[in-house]
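One structure below.
Quick look at the structure:
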């Protein structure tokens, strides 16, 4: 089993924190995004989405996308701390809040970053197809990010963790979204006191410290 990885990128970091929380060791293969190794024919044959991370099983099966990879490990290692919920209700809440964190947080930052950074001219969307940058999408992303901070601050006013009472993948994605925002020089607003307190608390978790 191999995990194709580029640790400094947001999405691989989500899986690396997930695995560290569960105490799972996996062989890593670095795919250098700076050198566009994700677009090389050998990698494209394994993963047409041309992204990282990607999990390759011993039988050659390849699984990309965060949900696919994390659901595999949650099912394969049920004895480790569950990060996708225990009860049906918890599972539904984790899936719900993780998706919202991804859509409203991570993708909002990506809209700004990939539509403004010089290195992404004609590469504004992840994948094998080229798309031009859009200043309008960058502006929209900034507005979405501001609302993400406010919405999740309200959520954490009455909840210890994003999806409820237990740490989960929803917290991982929210944290990574907040850190990804620093790439566009945006931090958690001072008036989002609940989100800031939650961020400070979970940033001290060993799995997160080990995957900065």
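Numbering (our numbering), first residue to last: 39 to 250.
All C-beta atoms, glycine included, are put in the ideal place defined by N, C-alpha and C.
Local Cβ density within 10 Å of residue i, reported as buried at 16 or more and exposed below that
i, result
"residue 173", "exposed"
"residue 203", "exposed"
"residue 221", "exposed"
"residue 69", "buried"
"residue 130", "exposed"
"residue 76", "buried"
"residue 82", "exposed"
"residue 213", "buried"
"residue 124", "exposed"
Nearest-angstrom beta carbon gap, residue j and residue i [assumed within contact, 8 Å]
i, j, result
"residue 149", "residue 184", "The pair is not a contact, with the Cβ atoms about 13 Å apart (cut-off 8 Å)."
"residue 237", "residue 226", "6 Å"
Residue i CB to nearest heavy atom of the ligand MG below 8 Å
i, result
"residue 119", "As for the ligand MG, it is missing from this structure, which has no ligand bound."
Bridge partners - residue i, DSSP secondary structure assignment
i, result
"residue 41", "66, 93"
"residue 88", "In the DSSP output, where bridge partners are listed per residue, residue 88 has none listed."
"residue 206", "Paired residue(s): none; residue 206 is not in a bridge."
"residue 107", "Looking at the DSSP assignment, residue 107 forms no beta bridge with any residue, so it has no partner."
"residue 199", "202"
Spatially closest choice to residue i from the options, by CA coordinates
i, options, result
"residue 193", "153, 64, 180, 234", "234"
"residue 230", "186, 191, 135", "191"
"residue 98", "46, 201, 41", "41"
"residue 207", "65, 71, 119", "119"
"residue 181", "145, 209, 200", "145"
"residue 139", "159, 249, 187, 124", "187"
"residue 142", "45, 198, 219, 72", "219"
"residue 73", "157, 66, 162", "157"
"residue 170", "178, 160, 179", "160"
Residue-level contact to chain E via CB, residue i, 9 Å cutoff
i, result
"residue 219", "Here there is only one protein chain, and chain E is not present."
Subject >> Sufficient close CB pairs (3 or more, under 8 Å) joining the region 46–55 to the region 99–108 >> reply: yes
Original post:
Taking one C-beta from the region 108–128 and one from the region 53–72 each time, how about it: are there three or more such pairs within less than 8 Å?
Top reply: Segments in contact, yes.
**OP:** Indicate whether the contact test is met: 3 or more Cβ pairs, each with one atom in the region 81–90 and one in the region 156–175, closer than 8 Å.
**Re:** yes
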